Structure formats: C-alpha cells, structure tokens
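Oh and the sequence shown: position 251 is 291 in this note's numbering, straight run, nothing missing.
Built from N, CA and C at the ideal position, the CB exists for glycine as well.
Note that this is a predicted model, so its numbers are computed, not measured.
These notes are about the structure you will find just below.
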Amino acid sequence: MKDPILQESALSLIEGMRSGRTTAVAVMRAALQRIKALEPDVRAFAHFDAAAALALAERGDKERASGDPPGSLHGLPVAVKDIIDTADFPTEYGGEIFLGRQPERDATIVKRLRAAGAIVIGKTVTSQYALFVPGPTRNPRDLTRTPGGSSSGSAAAVAAGFVPVALGTQTNGSVIRPASYCGIVGFKPSLGALPRTGILRHSALIDHPGIFAESVVDAALVLDAIAGEDVEDSLSRNLPSALLDAALDSDKAPRLAVAFGPFESRAEPATHEALSGFLVHLPLRVDAIELGPEFATAEATLRALMCAGVAESLGPDIDPAATHVPELVVRLVKEGRALSAVDLLAAWTRRDSLRSELIARISDYDAVLTFASTGPAPPASDRTGDPIFATLWTLIGAPAYSLPLLRSADGLPIGVQAVGAPGHDVELTSAAAWLMRVAADSKAGS
C-alpha cells in the first residue's frame with residue numbers, strides 16, 4: 041500500500057512543503073521506501089542514488105527554514121529519461137557503446153527543473169538509443185507486459201508511485217504510448233515548447249520532450265517551470281500563457297471532435313468499443329473528422345525524417361562499434377544513409393503539407409480525440425508496441441495528451457489521446473483537465 045504522502049498530487053505535495061505541513065525529507069523518504077520495495081520487479085531506473093536524493097531534500101528543507109523563497113517545484117522528486125543530460129548522473133542512451141558517458145552540464149529542461157527546486161532522484165531506462173529495442177523495465181500494472189517505449193522507465197516510475205512526475209521524450213510515440221499502457225497522463229507539448237538542448241537528437245522536426253504525471257494539473261505545473269525559449273534550440277519558443285491556470289480553470293465545456301483515419305484498423309476491436317462507449321457518455325456534442333487515405337503518408341514520412349536524423353546523430357558512434365549495437369539500430373542507420381537529398385526534401389514537403397491540412401481541420405476545436413494506442417499493453421515479449429496513433433500528430437508538432445480514461449475487459453488501462461492544433465497547448469490542457477474531471481465525476485456517481 042502506498043504511503044499517504046505518495047497518494048497526494050505533485051501540486052498538493054509542493055503546497056504542503058512550502059507551507060510546512062510536510063517536508064521534502066518526509067516526501068523523499070516515502071518515495072525511497074517505495075522504490076526499495078518495488079524497483080527490483082519494475083526496474084525503472086538506469087541510475088539511482090538514494091543517499092544523494094535524501095541529502096538534496098535535507099538541503100531544500102534547510103533553505104526553506106532559513107527563509108529562502110521556495111521554487112515552484114520545491115522538493116518535488118522527479119525522474120529523468122536516460123537520453124536527457126544530467127551533470128550528476130551518467131547519461132548513456134540505454135546503449136552499450138555509451139556506457140560511462142558523463143555529461144559536463146545539465147540539459148536545459150533539467151537545469152530549469154533544479155532551478156525551480158525539483159530534486160532529480162535518478163535516470164530512467166530507455167529503449168536502446170531511444171529506438172525500438174526494449175530495456176528491462178516492466179509495466180507496474182502487469183509485470184508480464186511492456187510499459188512501452190522508448191520512455192519506458194519514466195512511465196513506469198510514475199505508474200509505480202516512485203515519483204509524482206518524470207521526464208520523457210517522443211520522436212514517434214514514446215510519451216503517448218507508454219502513458220496509455222501504464223495508465224497515467226502523458227503530455228507531449230507543441231514542438232518547441234520544451235527545448236531539446238542536451239537531449240539525444242534523432243530529428244529536429246520531430247523530437248519532443250514530454251512529461252508523465254498522475255494528472256493533467258501536475259503535468260501542467262511542471263511544464264510551466266521548464267518550458268520556454270532557449271537560444272541553443274532554434275525551434276524553441278515561449279508559450280502564450282500558463283498551462284497550470286488552464287488546467288485548474290477547466291469548468292468551461294470544450295469544443296471537441298473525434299478523428300479517425302487510415303490507421304484506424306490497427307486499433308483492436310475492444311479499443312474501438314471502449315472509445316465509442318466513452319464518447320457516447322460525454323455530456324456534449326462531439327463532431328467527427330474523417331482523415332482520408334492521403335494521411336497514410338505520415339508513417340513513411342516520419343520514418344524517413346527519423347532514420348536520416350539517427351544516421352546523422354548516432355551513425356558516427358555506431359560505425360566503429362556496430363558489433364556491440366542491436367542489429368535493428370544498425371539497420372535504421374543504413375536506411376537513413378540510403379535516403380537521397382531529394383528523398384528528404386520530399387519528406388519535408390509532405391510533412392508541411394500534412395501539417396497545413398490538419399491545422400485547417402482541427403483549429404476550431406479545443407481537443408480532437410483519438411486512440412492513444414492500439415489497445416492495452418502487449419506482453420513484454422512483443423517488444424514495445426505499435427506507436428502508430430501518435431505518428432501523425434508528432435509529425436506535425438501538435439500538442440497531445442494521453443489520458444487514462446479507458447479499461448480493457450481484464451482491467452488494463454488504455455489511454456484516450458487528446459490533440460490540439462500546434463501552439464494551442466493552453467486550450468488543449470483546459471480540455472484535457474475537463475475530460476479527466478468529467479470522467480471522475482461519472483465514476484463517482486455510478
């Protein structure tokens with residue numbers, strides 16, 4: 041059973057630590073005790089230092105007692121995916137050829153986490169090189185099943201109750217799918233909302249950092265602290281306003297649509313039924329958007345951009361050590377190098393065309409609902425699952441939430457994906473919080 045402290049939201053914990061109702065040390069000790077009990081089975085962490093985490097919590101309590109103003113994330117334990125640089129932990133990309141790699145400085149979003157008072161307690165397992173080769177992490181909801189990839193450890197750490205919040209990344213479906221499988225909230229903001237400085241690069245057009253949390257409010261709280269322009273990431277930009285305010289002020293019914301398209305058949309029949317049942321019980325109209333076969337090009341387009349980026353970013357390190365790298369990763373590098381300049385220009389053009397078309401179709405809505413995954417988490421032996429339902433939205437840089445709103449027949453979680461037009465993170469966050477509240481009210485009244 042969870043310690044009562046760990047049943048509180050991140051926002052509640054921070055308010056408690058800032059007011060003196062609880063302490064950073066008490067929160068950290070509860071988290072460390074749970075990790076000690078469950079981590080041998082879950083295996084969420086690649087690197088973890090309990091003593092250092094407790095020492096940082098003690099320092100935070102002393103600073104608060106001395107009158108130093110606490111940051112917006114004061115004392116909050118956070119875990120960070122092992123492709124995001126940290127100056128105090130190795131960052132090894134989940135791969136043998138990077139064992140012992142120690143960054144000299146934090147990634148920008150980690151630096152901002154610490155500046156806000158959060159405590160990084162460890163680095164979480166990623167699929168090898170953040171691609172498709174799974175790590176050892178298991179799904180806390182069912183240890184025989186995958187937590188997804190590539191942000192497997194971050195999703196599992198939140199789902200297991202080790203930390204209230206964790207950082208991940210998504211180049212295809214690596215935030216949305218693990219959140220769906222693990223029954224938590226996953227948020228991938230618009231391209232550029234979170235800078236990528238200090239994060240393993242796959243492709244500048246489709247690399248997105250993201251957040252795992254138990255609630256939309258907690259995800260928004262952390263994103264507000266770490267988002268914004270960074271001079272070292274030319275695509276980064278500031279959000280128009282605070283997401284936490286949008287998440288807390290979610291009484292207004294959103295404008296909703298549901299989108300189905302050329303990949304619809306890849307969702308399991310039971311997932312179709314579960315999503316249809318959820319939509320029927322919403323207390324407002326949900327419009328339907330049909331995405332025709334022209335959107336099927338998204339899968340090959342994203343793959344081309346990703347493979348080319350992997351070949352450029354990882355290829356020089358893999359070449360002299362290919363025998364120590366999974367064959368699948370070597371094949372992706374070769375595939376990227378086989379693309380011509382014309383192939384890449386065509387992929388960029390298709391991406392821009394799809395982006396323009398989708399923005400035109402979805403901009404009138406606060407949230408467009410669709411599948412977050414094909415179904416519940418598959419067995420771990422089936423690798424990390426199919427990312428297809430995140431592909432289109434990642435390709436165009438749209439903000440997306442996976443919301444834990446559905447269940448399979450045997451009780452496993454399935455997410456509903458809520459997406460917005462690029463740059464409409466505020467509207468989407470308000471809609472996502474509304475959906476979670478309506479679902480909770482419906483459950484309480486049933």
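Unbroken beta strand (DSSP E) runs of no fewer than 3 residues, entirely contained in the segment 151-175, are found at 159-164, following chain order. Taken through DSSP and simplified to helix, strand or coil, Gly193 comes out as helix. The distance from the Cβ of Ala86 to that of Val165 is about 5 Å, consistent with a contact at the 8 Å cut-off.
Between the C-alpha atoms of Glu304 and Pro427 there is a straight-line separation of about 13 Å. No Cβ-Cβ contact shorter than 8 Å links Val82 with Val120. Nearest in C-alpha terms to Val370, of all of Ile358, Asp383, Ala381, is Ile358. Within the DSSP bridge table, the entry for His248 names Gln210 as partners. Taking a C-beta distance under 8 Å as the contact criterion, Leu446 and Ala314 qualify as a contact pair.
Note on Arg395: 16 or more other CB atoms within 10 angstroms of its CB, so buried under the neighbour-count rule. Distance check between Ser49 and each of Ala381, Thr431, Val256 places Val256 closest, using alpha-carbon atoms only. The three-state reading of DSSP puts Ile436 in coil, since its state is none of H, G, I, E or B. Listed as beta-bridge partners of Ala260 by DSSP are no residues whatsoever. CA-CA distance, Gly463 to Val203, rounds to 28 Å. With respect to the 8 Å criterion, Val198 and Pro366 are not classified as neighbours on the basis of their beta carbons. Rounded to the nearest angstrom, the Cβ distance from Ile239 to Met346 is 15 Å, too far for a contact under 8 Å. Put simply, the segment 471-483 touches the segment 444-461. At least three CB pairs are less than 8 Å apart. A Cβ-Cβ separation of about 4 Å places Leu452 in contact with Pro416 under the 8 Å criterion. In this structure, DSSP gives Ile123 a state outside helix and strand, which the three-state scheme calls coil. Non-local C-beta neighbours of Met57 in its own chain, meaning closer than 6 Å and more than five positions away in sequence, comprise Ala64, His114, Gly115, ordered along the chain. Restricting attention to beta strand (DSSP E) runs no shorter than 3 residues, the segment 215-246 encloses them at 225-228, ordered along the chain. Judged by DSSP secondary structure, Gln47 falls outside any beta strand (DSSP E); it is assigned neither H nor E.
Shortest Cα-Cα distance from Leu296 to any of Val408, Ser274, Gly140 involves Val408.
Scanning its chain for C-beta atoms nearer than 7 Å, with the 5 sequence neighbours on each side dropped, one finds around Leu288 the residues Val257, in chain order.
In chain order, Gly268, Glu269 place their CB closer than 6 Å to the CB of Asn278, counting only its own chain and leaving out the 5 sequence neighbours on each side.
For Phe318, the uninterrupted alpha helix (DSSP H) segment begins and ends at 309-320.
Following the DSSP letters along the chain, one finds Glu330 inside the beta strand (DSSP E) bounded by residues 326-330. By a beta-carbon distance limit of 8 Å, Cys222 contacts Arg181. Their separation comes to about 6 Å. The continuous alpha helix (DSSP H) containing Leu283 extends over residues 283-288. DSSP places Gly455 in no alpha helix (DSSP H) but in the uninterrupted beta strand (DSSP E) bounded by 453-459.
In this structure, the straight-line span from the alpha carbon of Glu375 to that of Ala338 is close to 17 Å. Excluding the 5 residues flanking it on each side, Ala449 has same chain C-beta neighbours closer than 7 Å at Ala310, in chain order.
Considering only Pro110, Leu171, Ala259, Ser413, the residue with the shortest C-alpha distance to Ala206 is Ala259. Taking each of Leu435, Glu98, Val225 in turn and checking the Cα distance to Leu342, the smallest one comes out for Leu435.
Taking 8 Å as the upper bound for CB-CB distance, Gly201 and Leu46 are in contact here, some 5 Å apart. Residue Ser230 holds the alpha-carbon nearest to the alpha-carbon of His248 among Asp108, Ser230, Leu372. DSSP places Ala299 outside any alpha helix (DSSP H); the residue lies instead in the beta strand (DSSP E), whose first and last residues are 296-300.
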